[in-house]
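> According to full-length UniProt numbering, the stretch in the sequence shown is residues 1 to 757, in order.
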Amino acid sequence: MHARRLPKTLAPWREVLASAERESWFPLIFDRSVPAEAEAMDELMSEGEVMYVHDMLEAQLKDLVRSRTPSKNYTDDEVAQEIARLLDGQAPQDYGRWAFYPWSRRLVHLLPPDSFIELRSDRNRNKITSEEQARLRKIKIALAGLSVGNAVAVTLALEGVFGELRLADFDTLDLSNMNRIRCAVFDLGLNKAIIAARQIFEQNPYANLVLFTDGVTPENIGEFIDGTGPGDRADIVIDECDSIAIKLKLREEARARRLPVLMETSDRGMLDIERFDLEPDRPILHGLVGTVTSDQVNTLPPPARLGLVLQIAGLHTISPRLAASLLELNLTLKGFSQLGSDVTLGGATTTTAVRRLALGLPMASGRVYIDVSAQLAEVTSPPLPDLSSARRLREIAEVRELVQYAIMAPSHGNDQPWRFEYVDGVLRLFLADERGGGGRDEIGRHWALVALGGALSNLQIAAGVKGSEANIQLFPGKQDPSLVAEVRFGLRAGGPAADPLFEQIPRRATNRQLGTRAHLSPVHVQALSAAARDNGAKLQLCTDRALLGELGQLLGEAERLRLLTPTLHGPAMRQIRWSEAEAHDTQDGIRVEALAVTPMDFAAFQLLRSTDVAKVLRDTNGGRLLMMSSVQALASSAAVGLLTIPGQSPTALVRGGQAMQQLWLTASALGVAVHPINTLIDMFARVERFHGAGFDKREIHRFLEMRERFTRAFTVALTDVEILLFRLSYADPAPLRTLRRPVDAVFSAPLPEKKSP
């Protein structure tokens, strides 16, 4: 079937009504100043085909008058005079246009086209200037796919961001489509292009649409993009179709014509931009599909086609719920999982991108994520209102802000083992037993104290920038073993002090991305070594490729044993957040996507949730696959570092945590990725300091052998404690950040009770 285009003259209403319920897609526009059209409209009404008449012309005229001179406060008589001037002697009944919608039998009286467009777009000013609106009303857009594309098409129409819009979809509406397509149940079974056209014409009967109800095919793709003649070529191509072959074909044809392509995926708000207009040699889909062409796709087996879908969606950026859904496709799910909220957001982002393209505003090829869910998770509580004790409340708000920075420190498994209490001008830092180091958990307390040291380091840096001096006293009393520090604040001599590490506090992140094999810059080595040394710690760096390979094997073996040892398996699994919802609920732990560098890793973690699986692997000395990620990570590193500090007391552990945070923030400022790999030194500590907790004799012996191999890369004095083993690399930013519990969940500052008179 050829494209469906608007008739150049008024279509005979009887012919249109003959197939109105299923096929009609455009309104009949009657101009009563044309005698033949007035006669046709009168005939339509006299034969009872009009079910509803909506004549709100007077209200539209009043709105038009006031919008043209918004600064004038018109009286009713003045408005009536202006309306009379607009009518210019014409009867109101014959002014403007009448739009008849065959599918609903509604007849609507409207302003003439120019006035209608002027008033309808009036509220766009000045977000879109009048000049820009005029330019936008000239562009031609070719939009393929009208599920996600429905929201795109309707939003484009809402803003008036096209002169001609070509809509292509062969599919009809199913009930299961209605979770994301804004339509009515009586639209079931209708072609999706027809549904979108009706929606657009119901908000703008003067719109210019072209329908391809067979969808985009190899036979009609030329007309879809090029139109019917010279000057009719589309300016922008938007891909929202499901077919991988057509996705590639659209890009092949767009690239040949130097046309930009947009694609919204309705997952994490991802918008894909390909500027073939600026980069005609750019690889299709940023090279994610390699050299596969549209002609080759349908010859691939289904697993390979699913692989292409995963590559296009982004293996490392796709949301976990969509990734899991893709693996269930055609098994427990019949189609791609999509949400109405995501699709609606996609309509907004795509329309904004279209405006930028059409107006020549800067926008590069690439992908942008407008992840609303993730941003909502970052919302923080506002300061307490200033009510009665104004000074006290301001003081609490200032300390609370410092605590907000403190809790951005890293912790073992992101367990966040801290609790802060501000009373009588003293901020007390407690080890929260329930989150680390409680009861007889000596190794948990070990790592919790390191984390609390990192929090104190952040606190000191933030206080200096805010103009305060944070005086820290560690372990101030024996009455409460959970009390780790007391902090008293005073005015800093010289006032607020700029600290380059301050802005790195919220930016610091664990980066598990595979890096390049580039050597660590000597300047960076000096800066990192100084950061450790200035805080009483020692940094050793290993850059030898052979030793890095050896360390990768050691770390992999440690990870394998950690995940398979019964006493460690449960705590390891409890640190993992298996879904975005779970992570947002708890605001702690580590997302499984952050740990699973590859799809194989992701599958392995899912299987290892079962204690039975872990037991079988332990009993058979299996699980070698669990070592692969560590080997790959170490092989891609520029260096591996070991941070140690003299002493093994609780105070030494806290001091070590302070040095660790200074080192990490320095690396962040230098653009060096840091990935803690503490499992190995955690196992050494269990064997050497905590009596081999959780291991049998064979495993203890194994770790003693591993310690000997470890000393080929690093030397550790018996009197020192290992604080952080980590890999350094130059890598892309980490795609995921661990969440933090709200500050009010870890900070309390009771107001003093009012004394009775």
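A virtual CB, placed ideally from N, CA and C, is assigned to each residue, including glycine.
(1) Am I right that residue 844 and VAL592 are in contact with their C-beta atoms under 8 Å? What's the rounded C-beta distance?
(2) Runs of 4 residues minimum, wholly inside the stretch 496-552: which ones carry the alpha helix (DSSP H) assignment?
(3) Please return the same chain residues whose Cβ sits closer than 8 Å to the Cβ of ALA734, not counting the five positions on each side in sequence.
(4) What does DSSP give as the partner residue(s) for HIS54 in the beta ladder?
(5) Compute the Euclidean distance between the alpha carbons of LEU300 and SER294, then round it to the nearest angstrom.
(6) Check for me: the beta strand (DSSP E) holding SER468 runs from which residue to which?
(7) Check the C-beta distance from PHE684 over to PHE703 and give it rounded, since I have them as a contact under 8 Å.
(8) Which residues does DSSP pair with TRP98 in a beta bridge?
(9) With DSSP collapsed to three states, give me the class of VAL148.
(10) How many angstroms separate the CA atom of ASP342 from the CA atom of ASN179?
(11) Just confirm the distance between the C-beta atoms of LEU143 and ILE238, as a whole number of angstroms; I'd bet it's less than 8 Å.
(12) So, at 8 Å on beta carbons, what are the nonlocal neighbours of GLY536 in its own chain, with the 5 sequence-adjacent residues on each side left out?
(13) Given that a residue counts as buried once 16 or more other Cβ atoms are within 10 Å of its Cβ, and exposed if not, what is LYS138?
(14) Between ARG135 and LEU359, which are expected to be in contact by the criterion C-beta below 8 Å, what is the C-beta distance as a whole number of angstroms?
(15) Quick one, which of ASP94, LEU61 and PRO70 has its alpha-carbon nearest ILE83's?
(16) Under 7 Å Cβ to Cβ from SER24, same chain only, skipping five residues before and after it: list those, please.
(17) Should ALA470 and PHE489 be called a contact, given that it needs their Cβ atoms to be closer than 8 Å?
(18) Might you give, ordered along the chain, the residues of its own chain that have their beta carbon closer than 7 Å to the beta carbon of PRO650, omitting 5 neighbours on each side?
(19) For the ligand COA, is there any heavy atom lying closer than 7 Å to the beta carbon of GLY623?
(20) Check MET175 in the structure and name its three-state DSSP category.
(21) Give me, in chain order, the residues of the same chain whose beta-carbon lies closer than 8 Å to that of ALA652; leave out the 5 immediate sequence neighbours on both sides.
(22) Which partner residues of ASN191 appear in the DSSP bridge assignment?
(23) By Cβ distance, which residues of its chain are closer than 7 Å to HIS569, with the 5 residues on each side in sequence left out?
(24) Residues in the same chain with beta-carbon distance under 8 Å from LEU520, minus the five sequence neighbours each way, listed in chain order, please.
(25) Could you tell me which residues DSSP puts in a beta bridge with THR140?
(26) Given this structure, state the Cα-to-Cα distance separating ARG741 from ALA313, to the nearest angstrom.
(27) Between the alpha carbons of THR265 and ASP242, how many angstroms are there, rounded?
(28) When burial is assigned at 16 or more other CB atoms within 10 Å of the CB, is GLY222 buried or exposed?
(29) Look up HIS584 in the DSSP assignment and say whether it is helix, strand or coil.
(30) With respect to the beta strand (DSSP E) encompassing PRO676, which residues constitute its N-terminal and C-terminal limits?
(31) Per the DSSP calculation, ALA639 is bridged to which residue(s)?
(32) Leaving out the 5 sequence neighbours to the left and right, which residues in its chain are closer than 7 Å to LEU483 when beta-carbon positions are compared?
(33) Which of helix, strand or coil does DSSP assign to ARG182?
(34) Could you tell me if ARG233 is buried or exposed, where buried requires 16 or more neighbouring beta carbons within 10 angstroms of its beta carbon?
(35) For PHE224 and ARG166, I'd like the C-alpha separation in whole angstroms.
(36) Please state the DSSP three-state secondary structure of GLU421.
According to the structure shown:
(1) Outside the modelled stretch of the chain, which goes from 1 to 757, sits residue 844, for which no answer is possible.
(2) 522-533
(3) In the sequence shown, residue 734 corresponds to position 734, counting from 1. Contacts found: ALA509, THR510, ASN511, ARG512, GLN513, ALA594 and ALA673.
(4) Your numbering for residue 54 matches position 54 in the sequence shown. VAL108, per the DSSP bridge assignment.
(5) On the sequence shown, position 300 is the one that residue 300 refers to. On the sequence shown, position 294 is the one that residue 294 refers to. LEU300 and SER294: Cα-Cα distance of roughly 11 Å.
(6) For the purposes of this step, residue 468 is identified with residue 468 of the sequence shown, where counting begins at 1. Counting along the chain, the beta strand (DSSP E) containing SER468 begins and ends at 468-474.
(7) Within the sequence shown, residue 684 is the residue found at index 684, counting from 1. Within the sequence shown, residue 703 is the residue found at index 703, counting from 1. That belief holds up - the Cβ atoms of PHE684 and PHE703 are roughly 6 Å apart, short of 8 Å.
(8) Against the sequence shown, residue 98 aligns to sequence position 98. According to DSSP, TRP98 bridges with PHE30 and HIS109.
(9) As a position in the sequence shown, residue 148 is number 148, starting the count at 1. Helix at VAL148.
(10) For the purposes of this step, residue 342 is taken as residue 342 along the sequence shown, with counting starting at 1. For the purposes of this step, residue 179 is taken as residue 179 along the sequence shown, with counting starting at 1. Taking the straight line from one Cα to the other gives about 11 Å.
(11) The residue given as residue 143 occupies position 143 in the sequence shown. The residue given as residue 238 occupies position 238 in the sequence shown. The pair is a contact, with the Cβ atoms about 4 Å apart (cut-off 8 Å).
(12) For the purposes of this step, residue 536 is identified with residue 536 of the sequence shown, where counting begins at 1. Counting only residues of its own chain and dropping the five nearest sequence neighbours on each side, GLY536 has a CB closer than 8 Å to the CB of ILE645, PRO646, ARG655 and ALA659.
(13) As a working mapping, residue 138 is identified with position 138 in the sequence shown. With fewer than 16 other Cβ atoms within 10 Å, it is exposed.
(14) For this step, residue 135 is matched to residue 135 along the sequence shown. For this step, residue 359 is matched to residue 359 along the sequence shown. By a beta-carbon distance limit of 8 Å, ARG135 contacts LEU359. Their separation comes to about 6 Å.
(15) Here residue 83 refers to the residue found at position 83 of the sequence shown. The candidate whose alpha carbon is nearest that of ILE83 is LEU61.
(16) Along the sequence shown, one-based indexing puts residue 24 at 24. VAL16, PRO102 and TRP103, listed in sequence order.
(17) Reading the sequence shown from its first residue, position 470 is the one you call residue 470. Reading the sequence shown from its first residue, position 489 is the one you call residue 489. Against a cut-off of 8 Å, the Cβ pair of PHE489 and ALA470 comes out as a contact.
(18) Counting from one through the sequence shown, the residue named residue 650 turns up at place 650. Answer for PRO650: LEU449 and PHE475, listed in chain order.
(19) Looking at this structure, you won't find the ligand COA or any other ligand, since it has none at all.
(20) The residue you call residue 175 lines up with position 175 of the sequence shown. Per the sequence presented here, residue 175 reads as Leu, with Met not at that position. Looking at LEU175 - three-state DSSP - the assignment turns out to be helix.
(21) Counting from 1 along the sequence shown, the entry for residue 652 is found at position 652. These residues qualify, in order along the chain: ILE645, PRO646 and VAL721.
(22) The residue labelled residue 191 in the question sits at position 191 within the sequence shown. Partner(s): THR172.
(23) Stepping through the sequence shown from its first residue, residue 569 is reached at position 569. These residues qualify, in order along the chain: LEU563, THR611 and ALA614.
(24) Start at 1 with the first residue of the sequence shown, and residue 520 comes out as number 520. Only LEU541, THR543, ALA638, ALA639, VAL672 and LEU728 meet the Cβ criterion.
(25) Locating residue 140 in the sequence shown gives position 140, where the first residue counts as 1. Looking at the sequence itself, residue 140 is Lys, so the reference to Thr does not match. DSSP output for LYS140 lists GLU164 as bridge partner(s).
(26) Working through the sequence shown from its first residue, we reach residue 741 at position 741. Working through the sequence shown from its first residue, we reach residue 313 at position 313. Taking the straight line from one Cα to the other gives about 30 Å.
(27) Looking up residue 265 in the sequence shown gives position 265. Looking up residue 242 in the sequence shown gives position 242. So the two alpha carbons sit approximately 10 Å from each other.
(28) By one-based count along the sequence shown, residue 222 stands at place 222. GLY222 comes out exposed.
(29) Taking the sequence shown and counting its residues from 1, one reaches residue 584 at position 584. Helix at HIS584.
(30) As a first step, residue 676 must be located in the sequence shown, where it is residue number 676. Here the beta strand (DSSP E) through PRO676 covers 673-676.
(31) Within the sequence shown, residue 639 is the residue found at index 639, counting from 1. Partner(s): LEU728.
(32) Counting from one through the sequence shown, the residue named residue 483 turns up at place 483. Here the set comprises ARG428, PHE430, PRO476 and GLY477.
(33) Taking the sequence shown and counting its residues from 1, the one referred to as residue 182 is at position 182. In this structure, ARG182 counts as coil in the three-state DSSP scheme.
(34) As a first step, residue 233 must be located in the sequence shown, where it is residue number 233. Residue environment: ARG233 is assigned as exposed (fewer than 16 neighbouring CB atoms within 10 Å of its CB, all protein chains considered).
(35) Looking up residue 224 in the sequence shown gives position 224. Looking up residue 166 in the sequence shown gives position 166. So the alpha carbons of these two residues sit roughly 7 Å apart.
(36) In the sequence shown, counting from the first residue as 1, residue 421 sits at position 421. The answer is strand: DSSP assigns GLU421 an E or B state.
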